[in-house]
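To keep things clear, I will list the structure first and then write my remarks on it.
In the numbering used here, the protein residues as written are 34 to 328.
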């Protein structure tokens, strides 16, 4: 019940439970002692890396690379592709929103009098912050939790790897959506879209065994939305954005103060990225998830 004797390690359910407990404790300590800002996200990224590394070595009996961090040439190419997909989708959504009158461009960030002399410092800090968020949320949710739940659901009698894969992606995606429920201006559609984004980020990981596509998509979606076109990211606005924009549209469509994730535009963008990702996976023939260690 508690241990897989053949593999000499704790079973998947207990690994996940222990990881969630330590993860919540780590987040609480960091949030309590490190002021909000880029520094907090640097600490969170380091703490997340150490947490996954420690669990990998002492609980999972696997190397850090096995959590999707095989940094070879293919990994970096997929990171670039994910960045293009995530950033390109946001730019297209913003273009549609502007031409439809849902958004209007009202100025440029570097011209704000209150930010003179510090704009590019803040902009660079936001870029680093979004890169860190894209990395540590993916290594936690997809790299560790999704992989372990997938293994726990995969038994010797499982005929298709995709059945436990999709169930595990659905469960972790729901957890991912609920983790954003306390964000400012959160809406029901926003949580649904963030949950849908979990599928968008989980499928390429289990199909390739690499987190590169997921990290690239996650980072670029957040950074371009909050740092380039001036739209809040999951309810959190950013002053250091290149374009100052104003939302004039229906919140059901634009997402309102929650950002594109809170509206139908976000739904369209997520589905478009998911379709592009699946097309890429078929192109590289990654149409089946690998057989995991069986619980």
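Every residue gets a Cβ at the ideal spot worked out from N, C-alpha and C, and that includes glycine. None of these values were measured; they are calculated from a predicted model.
Could you confirm whether any beta carbon from chain C is found closer than 8 Å to the beta carbon of residue i?
i	result
residue 239	Chain labels in this structure do not include chain C; a single protein chain is all it has.
Starting from the Cα of residue i, find the closest Cα among the options and give me that residue.
i	options	result
residue 273	235, 142, 41 and 310	142
residue 248	235, 150 and 260	235
residue 160	278, 291 and 271	271
residue 288	276, 302 and 35	302
residue 41	94, 275 and 314	94
residue 282	57, 52, 130 and 148	130
residue 167	231, 197 and 110	231
residue 34	69, 148 and 185	185
residue 82	106, 52 and 297	52
residue 108	255, 36, 312 and 243	243
Taking 7 Å as the limit between beta carbons, can you name the residues of its chain near residue i, skipping five residues before and five after?
i	result
residue 269	216 and 217
residue 162	71 and 74
residue 258	123, 264, 266, 292 and 293
Is it the case that the Cβ atoms of residue i and residue j are separated by a distance below 8 Å?
i	j	result
residue 77	residue 293	no
residue 278	residue 137	yes
residue 119	residue 306	yes
residue 115	residue 246	yes
residue 261	residue 233	no
residue 112	residue 237	no
residue 155	residue 148	yes
Kindly list the residues whose CB is nearer than 8 Å to the CB of residue i, restricted to its own chain and excluding five residues on each side of it in sequence; keep chain order.
i	result
residue 145	152, 272 and 277
residue 85	97, 100, 172, 173, 176 and 177
residue 214	224
Near residue i, what residues of its chain come up, given a Cβ to Cβ distance below 6 Å and the 5 sequence neighbours on each side ignored?
i	result
residue 199	none
residue 220	291 and 295
Threshold first: 3 residues or longer. Then list the beta strand (DSSP E) segments lying entirely within the stretch 90–150, N to C. 136–141
Taking 8 Å as the threshold, find out whether the stretch 172–182 comes into contact with the stretch 198–213 through three or more Cβ pairs. yes
Does the count of Cβ pairs from the stretch 217–226 and the stretch 78–96 closer than 8 Å reach three? no
Please give the ranges of any alpha helix (DSSP H) in the stretch 251–317, keeping only runs that are unbroken, at least 4 residues long and fully inside the region. Counting whole runs of 4 or more residues, the stretch 251–317 contains the alpha helix (DSSP H) stretches 284–287 and 297–316.
If we require 3 or more residues per run, which beta strand (DSSP E) segments fall completely within the stretch 162–210? none
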